[in-house]
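In our numbering, the protein residues as written are 276 to 605.
To start, the structure itself, in structure tokens.
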Amino acid sequence: MAETTMKAIQYLAYGGGPPALNHVEISIPTPTKHEVLLKLEAASINPVDWKMQKGELRPFLPFHFPNIPLTDVAGEVVETGAGVKNFKAGDKVVAMLSIFGRGGGLAEYAVANKNLTVFRPPEVSAAEGAGLPIAGLTAHQALTYSAGIKLDASGPLANILITAASGGVGLYALQLAKLGNTHVTATCGARNMDLVKTLGADEVLDYKTADGAALKSPSGLKYDVVIHCAAGIPWSTFEPQLSSKGKVIDVTPGPATMWRFFRGKITFSRKQIVPLLLIPKGKNLAYLVKLVKEGKLKTVVDSRHPLNKAEDAWAKSIDGHATGKIIVEP
Ligand SMILES: NC(=O)c1ccc[n+]([C@@H]2O[C@H](COP(=O)([O-])OP(=O)(O)OC[C@H]3O[C@@H](n4cnc5c(N)ncnc54)[C@H](OP(=O)(O)O)[C@@H]3O)[C@@H](O)[C@H]2O)c1
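Shown next as structure tokens:
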């Protein structure tokens, strides 16, 4: 490879928001034994990226400064480590970069561990692939591992509520849920109700109305499972809307969720709230890519931004009103 340096964007300390993103020219990383070097074609932002900059995950993350943010990428393999046998230069892939790694997706190149790198067929664009890792895997884990929904529709009928169904996680959760034997109620803002219906929701609630804020199903159904992708909704709002063994999977668990979770365990409560922490797996990422290829799962792209204007993408994600995924392209 002739090039030795690349454009990248990094921050040097906690705080500062979009203006603290510095444009730099630095050395292209070299893959270690089990890594591939990718020439990036697209990356997507997740709220965890700017929450790390804000210091919400300190003292553990970011692992070091300066930090090049973003974990979710799609690109082309240009070099492989000695221990990588299943990829070669020229392969198109989707990858989730290590949050503890040497560089993230706001760059022209990045190294990815082979275990969280999967092939991307020509039917799946770089932007569609880059949207998948954190948001898609979180939706998949919440529905399958946490809620026990079978995505081949072989399970019993489940009534599901998805909050913030218009967001990155919510839109994947909605579409994956509809692969199962489910009735899905979704909450979103008025402007996204048609989109959410088109992508499969059986009932949609505008979260800014009284019934929406109360999470009341228009048809009076109680929920067996809630995939909770919004924030700030107390247990007292969920509890009356749950079926007798209803379970809330909270993808942004704070102290109140943790307290309620442990309390529920001690008291053998039938209704539960369960915290979710993503444990990413390559086989699940490959499954999501396959669903996109087959037209069974869509990445809704909120907006696309060039790398040299990544601050705009960063600000848009912090604003909290994206519909689907915010994409950055080198
Ligand atoms: N535990 C984990 O491992 C894990 C993994 C992934 C994500 N997360 C967390 O999950 C959360 C969701 O992530 P995301 O990527 O989906 O966020 P996102 O894409 O930024 O979500 C934005 C969307 O949420 C909607 N929204 C906001 N508040 C709402 C409410 N009260 N009711 C209904 N809709 C609402 C907004 O609609 P409007 O524009 O109409 O307001 C917007 O469309 C974040 O807090 C993230 O940090 C956790």
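For glycine and all other residues, C-beta sits at the position ideal for the given N, C-alpha and C.
Taken through DSSP and simplified to helix, strand or coil, residue 494 comes out as coil. Exposure of residue 594 is indicated by the presence of fewer than 16 other C-beta atoms within 10 angstroms of its C-beta.
Within 8 Å of the C-beta of residue 444 there is at least one heavy atom belonging to ligand 1.
Secondary structure remark: continuous alpha helix (DSSP H) runs of at least 4 residues inside the segment 428-478, in chain order: 443-452 and 468-473. Per the C-alpha coordinates, the member of 507, 513, 305 and 509 positioned closest to residue 496 is 513.
Contact between the segment 441-460 and the segment 562-578 is present, with at least three C-beta pairs closer than 8 Å. Listed in chain order, the beta strand (DSSP E) elements of length 3 or more contained wholly in the segment 528-584 are 547-550 and 576-581.
In this structure, the CA atom of residue 535 is about 14 Å from the CA atom of residue 507. DSSP lists 283 as the beta-bridge partner residues of residue 299.
Per DSSP, the unbroken beta strand (DSSP E) holding residue 602 starts and ends at 600-604.
For residue 409, the enclosing alpha helix (DSSP H) covers residues 408-416. When the beta-carbon positions are compared, residue 428 and residue 454 come within less than 9 Å of each other. Beta-bridge analysis with DSSP links residue 503 to 438 and 525. Here residue 379 is not near residue 599, since their CB atoms are 9 Å or more apart. About 5 Å separates the beta carbon of residue 317 from that of residue 604, a gap short enough to meet the 8 Å contact definition.
Proximity of the segment 301-309 to the segment 319-331 falls short of the contact definition, fewer than three beta-carbon pairs being nearer than 8 Å. The C-beta separation of residue 456 from residue 474 comes to about 18 Å, leaving the pair out of contact by the 8 Å criterion.
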